[in-house]
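2 protein chains.
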Amino acid sequence: MEKISLLAPTIKELIASDKETLRKTLQDIHPADIAEVIPSLKEQQQLELFLLLEKNKAREVFEKLDEEEEILLLEHLDKNKSIQLLKHMAPDEKADLFEELPKDLVNKLLRLMAPEKREELKQLLAYPEDTAGAIMTTEYVALPSYLTTSETLDKIREIAPRKETIYFVYIIDSADRLKGFVSLKNIVLSDKNKKLKEIMKTNVISVNTRDDQEEVAHIIQKYDLLVIPVVDSKNTLKGIITVDDIMDVVEKENTEDIYKMASIENLEENYFDTSFVTLAKKRGLWLAILLFTYTISTSLLRHYSPTIEMLVALAYFIPMLTGSGGNAGTQTSTLIIRGLAIGEIKFNQILKILRREIPMGLILGLLLGSLGYIRAMIMQRDPTLSIIVGIALVFTIIAATLTGSLLPLILRKLKLDPAIATGPFLTTIVDVTALIIYFEIARFLLAV
Amino acid sequence: MEKISLLAPTIKELIASDKETLRKTLQDIHPADIAEVIPSLKEQQQLELFLLLEKNKAREVFEKLDEEEEILLLEHLDKNKSIQLLKHMAPDEKADLFEELPKDLVNKLLRLMAPEKREELKQLLAYPEDTAGAIMTTEYVALPSYLTTSETLDKIREIAPRKETIYFVYIIDSADRLKGFVSLKNIVLSDKNKKLKEIMKTNVISVNTRDDQEEVAHIIQKYDLLVIPVVDSKNTLKGIITVDDIMDVVEKENTEDIYKMASIENLEENYFDTSFVTLAKKRGLWLAILLFTYTISTSLLRHYSPTIEMLVALAYFIPMLTGSGGNAGTQTSTLIIRGLAIGEIKFNQILKILRREIPMGLILGLLLGSLGYIRAMIMQRDPTLSIIVGIALVFTIIAATLTGSLLPLILRKLKLDPAIATGPFLTTIVDVTALIIYFEIARFLLAV
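Listed in order, the protein sequences are those of chains A and B.
Counting the first sequence from 1 gives a position; the numbering used here is that position plus 3.
Counting the second sequence from 1 gives a position; the numbering used here is that position plus 3.
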């Protein structure tokens with residue numbers, strides 16, 4: 004991969020010094036590699052580079068770019084070049100791009116397109132974001148079941164260049180309803196005169212246009228599919244989704260989940276693709292909400308201030324107590340949230356989870372309680388204080404583990420997103436229980 | 004998907020009451036669905052179910068199971084049935100299973116295999132875990148370049164049933180060195196008498212047997228591949244990796260990363276697949292390490308106890324201060340860690356990151372500082388205290404944001420895993436700076 008990182012400086016130099024060599028060099032470079040270099044070029048360099056690319060290569064590179072860069076290029080390339088780029092772009096990629104474009108530019112571009120293509124694109128744009136309909140492509144091979152395999156091969160030869168994949172042929176009836184499929188493998192392996200209806204598989208795994216893309220990813224993964232057909236509620240074939248598009252979905256969804264767990268909501272883009280203002284707003288909002296949750300622990304501490312005044316050393320262990328509770332709770336909640344996300348854990352397994360997490364909390368609580376006790380003894384040599392710290396840790400860890408396992412399940416049941424909502428609730432519940440347990444034990448033991 | 008959840012109870016009932024109906028029902032159910040039901044069955048039921056499956060279906064279901072269940076079945080099925088299952092299992096799946104089996108069982112099973120298959124398997128087992136060699140399969144189609152497309156199709160027809168994919172034909176020379184590839188699409192579309200060497204692509208993207216599986220996933224994703232060939236250092240073709248196996252790798256790696264960020268180290272399995280003891284050990288170890296890091300803040304608080312005694316209300320805001328710092332730091336570090344994991348962020352972009360994160364820290368700091376000031380004023384009506392809380396929050400958030408951006412990059416540079424190592428360091432650094440800033444400002448302002 005070292006080669007790739009050398010590509011950018013080389014290209015920058017050649018743009019300035021030797022365009023002809025660059026043109027030839029670019030022919031041997033994979034479109035994905037060229038697309039990777041583009042964001043690091045200046046606007047003018049990007050345009051010059053694009054004009055050096057051969058037509059098909061230009062389209063392939065263009066499809067690989069982020070929407071922001073695509074828009075930038077469209078705004079600066081001349082009209083003919085823009086149309087050329089868009090004309091042969093895959094319908095699903097085109098729909099993704101158009102969703103991000105300003106309304107007037109969309110209308111202008113739509114008017115430049117052939118009526119048939121325009122209708123197709125408008126339909127794709129009508130599907131809600133993140134559904135199977137929005138990510139599918141309409142470039143599939145669909146044929147009637149009465150064709151023979153050799154007729155099918157002739158047909159495939161004719162239409163193949165325009166299709167995203169020809170490895171699966173979908174069988175439809177006269178009303179475009181999905182009846183079955185045949186893999187190219189079976190077509191090649193079968194007798195020439197066999198009809199598709201004789202070799203087709205009728206047990207088709209398909210998704211609905213309105214299904215969530217995450218659901219589609221689960222199904223593709225579970226059944227090891229390369230392509231999945233997309234149908235509407237009447238079982239009419241509407242499109243296909245290929246596994247390479249699903250790989251991108253999986254990565255995006257994972258990134259989003261990871262961000263959510265760190266209290267950054269609904270950030271679908273990567274780090275550098277997100278604008279500073281968007282990021283500042285999303286982060287600031289959640290930090291403010293979380294800050295607000297701490298007001299409860301602040302009030303609790305004021306409530307217990309007579310106890311603190313009696314023994315100031317109690318205050319020393321507050322970060323250890325709330326921090327350890329938070330860590331134990333986050334460990335559990337992360338296990339549960341991830342299990343829910345990949346479909347391993349379901350709500351009705353709540354008892355099975357509790358049967359694990361209650362003993363787990365007990366063991367971890369006893370471990371941390373003992374360590375906390377030893378730590379307090381070494382530091383303060385005060386047996387009462389050390390007992391208070393130790394016992395409080397035991398109960399805090401148990402409470403945190405329980406909260407961490409139940410909270411995500413309850414939030415999911417309430418149709419809230421556990422990945423984003425667990426954090427603030429967990430912090431608050433753990434802090435509050437930790438402080439109450441700590442100071443109540445302290446009040447009890449110090450009053451004796 | 005509702006259908007699936009009804010499957011388990013139906014199967015359980017039929018095992019007890021009507022095996023013949025179950026045998027017929029199973030024929031129409033996808034192996035992946037049957038495999039999903041198996042873990043919820045009792046051992047005896049699992050065995051009975053397996054004996055009802057037709058030979059090929061049994062193998063397909065078996066391949067879909069987790070290694071633990073595979074081992075359980077192998078231990079209980081009779082010898083003939085076990086051999087039958089293993090005989091036609093894909094080499095990569097077989098290698099995965101054998102890695103988990105006890106040594107004597109491996110030797111026993113190896114002895115039962117045909118010498119050729121045994122050698123193949125031994126070679127696969129020799130590749131280190133998580134490398135391309137360990138996850139590849141040896142069931143590819145490799146042919147010499149002098150064949151015509153029609154000869155190739157004949158050849159494919161002959162060997163297809165034994166191969167994982169026939170959609171790509173790899174071209175090798177007499178020493179098995181990888182020279183190019185042809186897609187089945189191009190074979191079908193080309194003239195019958197064209198030789199492979201005329202239509203093959205020589206610019207092959209391949210990986211080395213020793214490459215990490217995560218690297219393989221990046222490459223497959225970047226170039227939208229369905230299959231990638233695996234070669235050794237002499238460019239000899241050793242195997243192929245298909246995209247469906249990579250989907251599993253991606254999910255596993257993501258799960259692992261998410262767990263690591265919640266301080267659960269190197270847990271490769273899903274929640275229920277991990278034994279209680281393993282989980283308790285991994286969680287306990289990290290909680291203990293994290294508890295130890297809090298001893299620094301505990302000592303700091305003792306150091307500042309005269310200041311706390313002067314104004315006990317200072318203690319009320321400690322959880323808010325360290326908590327908010329932790330949240331802001333985690334937000335930043337998560338963005339950076341994820342960016343590093345998906346290859347978006349590289350170490351040399353450190354300046355670009357700082358140019359974003361320094362103003363970000365400033366804005367978020369001012370926001371939280373103002374909110375903290377207001378909160379303290381409302382609660383305590385003490386302007387000095389409120390100023391202390393506000394200013395300390397501003398600096399804590401700035402420090403946390405900076406630490407969150409630099410720490411993962413530095414750890415990566417030191418060849419440490421940022422996903423697991425950032426947490427404890429971040430907590431410690433943020434807590435320490437927050438407390439020092441807070442109490443130093445307090446000492447200064449209260450002394451006036």
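We treat Cβ as the ideally placed atom computed from N, Cα and C, and that holds for glycine.
Predicted, not measured: the structure shown is a model, and the values here were computed from it.
For Val-280 of chain A, is the classification buried or exposed, using 16 other Cβ atoms within 10 angstroms of its Cβ as the cut-off for buried? exposed
Is there a Cβ of chain A sitting closer than 7 Å to that of Lys-6 of chain B, yes or no? Per-residue confidence for Lys-6 of chain B stands at a pLDDT of 49, beneath the threshold of 50, marking its modelled position as unreliable; the derived number appears in the next sentence. No - not a single Cβ of chain A is within 7 Å of the one on Lys-6 of chain B.
Going by the C-beta, is Lys-67 of chain A closer than 6 Å to any heavy atom of the ligand MN? The model on display carries no ligand, and the ligand MN is accordingly not part of it.
Would you report the Cα separation of Asp-95 of chain B and Glu-268 of chain B, rounded to the nearest angstrom? 26 Å
Three or more beta-carbon pairs under 8 Å between the segment 141 to 161 of chain B and the segment 169 to 176 of chain B, yes or no? yes
For Leu-409 of chain A, tell me which candidate among A:Val-397, A:Lys-120, A:Ile-356 and A:Thr-298 has the shortest Cα-Cα distance. A:Ile-356
Contact set between Gln-224 of chain A and chain B, taken where Cβ atoms lie within less than 8 Å: Asp-247, Met-250, Asp-251 and Glu-254
Give me the Cβ distance between Ile-340 of chain B and Met-264 of chain B, rounded to the nearest whole Å; I'm assuming they're in contact under 8 Å. 7 Å
Just how far apart, CA to CA, sit Ile-462 of chain A and Ile-423 of chain B? Any question about residue 462 of chain A goes unanswered here, given that chain A covers just 4 to 451.
For a test of the three-state rule: what should DSSP assign to Pro-164 of chain A, helix, strand or coil? helix
How do the segment 318 to 330 of chain B and the segment 310 to 329 of chain A stand: do at least 3 beta-carbon pairs fall below 8 Å, yes or no? yes
Let me confirm a value: Ala-129 of chain B is counted as buried when at least 16 other C-beta atoms fall within 10 Å, else exposed. Which label applies? exposed
Under 8 Å by Cβ, that's how I've got Leu-181 of chain B and Leu-240 of chain B pegged, so tell me the actual separation to the nearest angstrom. 4 Å
Can you find the residues in the same chain that come closer than 7 Å, C-beta to C-beta, to Ile-401 of chain A, ignoring five residues on each side of it along the sequence? Gly-364, Leu-365 and Gly-368
Mind reading off the beta-carbon distance from Glu-72 of chain B to Ile-345 of chain A? Whole number of angstroms is fine, and I expect it under 8 Å. About 18 Å separates the two Cβ atoms, so there is no contact after all.
So, does the CB of Gln-30 of chain A fall closer than 7 Å to a CB anywhere in chain B? no
Mind listing the chain A neighbours of Tyr-319 of chain B? Cutoff is C-beta to C-beta under 7 Å, in chain order. Thr-301, Leu-304 and Arg-305
Is the shortest distance between the beta-carbon of Ser-308 of chain B and the beta-carbons of chain A less than 7 Å? yes
Does the beta-carbon of Leu-88 of chain B have 16 or more other beta-carbons within 10 angstroms, so that it is buried, or is it exposed? buried
Does the segment 300 to 308 of chain A come into contact with the segment 213 to 230 of chain B, if we say contact requires no fewer than three beta-carbon pairs (one atom in each stretch) closer than 8 Å? no
Check whether Val-185 of chain B and Met-203 of chain B have beta carbons under 7 Å apart: yes
Partner residues on chain E for Ala-35 of chain A, Cβ-Cβ distance less than 8 Å: Here chain E cannot be found, since the structure's protein chains are A and B.
Can you tell me whether Glu-259 of chain A is buried or exposed, with buried defined as 16 or more other CB within 10 angstroms of its CB? buried
Does the CB of Arg-452 of chain B have a neighbour CB from chain A at under 7 Å? The structure shown does not extend to residue 452 of chain B, since chain B is modelled only from 4 through 451, so no value can be given for it.
Euclidean distance between Cα positions of Leu-343 of chain B and Thr-277 of chain B: 27 Å
If I follow the unbroken alpha helix (DSSP H) through Ile-439 of chain A, where does it start and stop? 421 to 450
Alpha carbon to alpha carbon, how far is Thr-141 of chain B from Gly-242 of chain B? 5 Å
Chain B residues whose Cβ lies nearer than 7 Å to that of Val-315 of chain A: Ser-308, Ile-311 and Glu-312
Between which two residues does the beta strand (DSSP E) carrying Thr-245 of chain B extend? 240 to 245
Determine the chain A residues that contact Ser-266 of chain B at a beta-carbon separation under 7 Å, and present them in chain order. Asn-330 and Gln-334
According to DSSP, residues forming a beta bridge with Tyr-173 of chain A: A:Ala-145 and A:Phe-184
Consult DSSP for Val-210 of chain A and reduce its assignment to one of helix, strand or coil. strand
Would Thr-151 of chain B pass as a contact of Lys-97 of chain B if the rule is Cβ separation under 7 Å? no
How about the segment 384 to 399 of chain A and the segment 347 to 356 of chain A: do they share at least three Cβ pairs that are nearer than 8 Å? no
Which class does Ile-348 of chain A belong to by DSSP, given the choice of helix, strand or coil? coil
Using the C-alpha atoms, what's the distance from Pro-42 of chain A back to Gln-30 of chain A? 19 Å
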